[in-house]
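Quick note on numbering: the sequence shown equals residues 67 to 279 in the working numbering.
Here a beta-carbon is modelled for each residue, glycine too, at the ideal position from N, C-alpha and C.
Data block below; observations after.
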Amino acid sequence: MAASSVNYQLPVLAATMLLFAASLWQSIYPDQQWLQHIPTVLALPALLWSARRRWLSNASFTCLAMMLALHIVGARWIYSNVPYDEWFRAVFGGGTREWLGWTRNHYDRLVHFAFGLLMTLPVAEAAVRYGGLSVAWGLAWAWMTVAGVSALYEVFEWAIAIIAAPDYAEQYNGQQGDWWDAQKDMALALLGSTLATLALGVGLQRQRRRTVG
């Protein structure tokens, strides 16, 4: 079981590292991209260490790798310029501007939602496995952790807005003129975590019923 975890997790990590390397090729926004990738260069060694030590299940490791992959894609275009509309048009013949009337680039919203959705399982698993919490308290801890990290990240963006030049701060933060950007980002992260918590809770309840039955 442990060997199979390593055999799965290391290739997943290798694919994520390749995506990271590809995202740096002919960088479009080199001045802003380096700051976006501070979390990336911290996360990749941590994931390697985790995979070699078999700290997390394959499901949790996949969630972390998916979250990092979404961030890598976003950092390539500093989030506000991810050309997902062009990708949709190439495949489906139409984009979100035509279908939903969107004028704002919502990729950052997707990533905040995905942060809550994908980080809940790994954090809960770590809390149960290494923190000695019950499953219920592990899920509650994961939900609160998502809330706390989301708030801290918005404070970090506020600090960037104060310290950096206005144009640079706007490009990094990606508010796109929305004064309620921070609140919406935190709300989406909490929504993602809430959905993940409910899904995991329901799944565990069904598993227990099957075991009892």
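CA-to-CA distance, residue j to residue i, given in whole angstroms
i           : j           : result
residue 67  : residue 166 : Note that residue 67 has pLDDT 42, beneath the 50 cutoff, so the model's placement of it is unreliable and the number below is only indicative. Distance between the alpha carbons of residue 67 and residue 166 is about 46 angstroms.
residue 161 : residue 179 : 20 angstroms
residue 72  : residue 214 : 31 angstroms
residue 193 : residue 118 : 20 angstroms
residue 59  : residue 202 : Coverage of the chain is limited to positions 67 through 279, which leaves residue 59 absent and any answer about it impossible.
residue 226 : residue 114 : 30 angstroms
residue 141 : residue 275 : 44 angstroms
residue 222 : residue 206 : 24 angstroms
residue 257 : residue 146 : 21 angstroms
residue 177 : residue 269 : 24 angstroms
residue 103 : residue 218 : 17 angstroms
residue 249 : residue 125 : 30 angstroms
residue 94  : residue 100 : 11 angstroms
residue 152 : residue 92  : 19 angstroms
residue 271 : residue 251 : 30 angstroms
residue 285 : residue 273 : Nothing in the structure corresponds to residue 285, since the chain is present only between 67 and 279.
residue 39  : residue 155 : Past the edges of the chain, shown from 67 to 279, lies residue 39, and the structure says nothing about it.
residue 128 : residue 175 : 21 angstroms
residue 74  : residue 112 : 16 angstroms
residue 116 : residue 186 : 17 angstroms
residue 80  : residue 265 : 29 angstroms
residue 121 : residue 90  : 29 angstroms
residue 229 : residue 158 : 42 angstroms
residue 253 : residue 170 : 18 angstroms
Candidates the options, of which the one nearest residue i by Cα
i           : options               : result
residue 135 : 205, 87, 221 and 171  : 87
residue 191 : 116, 204, 90 and 76   : 204
residue 106 : 124, 138, 183 and 254 : 138
residue 96  : 79, 144 and 127       : 144
residue 210 : 255, 163, 251 and 149 : 255
residue 284 : 220, 184 and 125      : Given a span of 67 to 279 for the chain in the structure shown, any question on residue 284 remains unanswerable.
residue 123 : 164, 80, 79 and 188   : 188
residue 262 : 212, 172, 92 and 170  : 212
residue 149 : 127, 229, 173 and 91  : 173
residue 208 : 220, 182, 224 and 158 : 182
Assigned exposure category for residue i - 16 Cβ within 10 Å defines buried
i           : result
residue 280 : Residue 280 is absent from the structure shown; the chain starts at 67 and stops at 279.
residue 216 : buried
residue 77  : exposed
residue 130 : buried
residue 82  : buried
residue 51  : Residue 51 cannot be examined here, being either before or after the span of the chain that is shown, 67 to 279.
residue 168 : exposed
Okay, do the segment 245–253 and the segment 191–203 touch, 3+ Cβ pairs below 8 angstroms being the bar? no
Is the segment 80–94 touching the segment 130–148, taking contact as three or more C-beta pairs under 8 angstroms? yes
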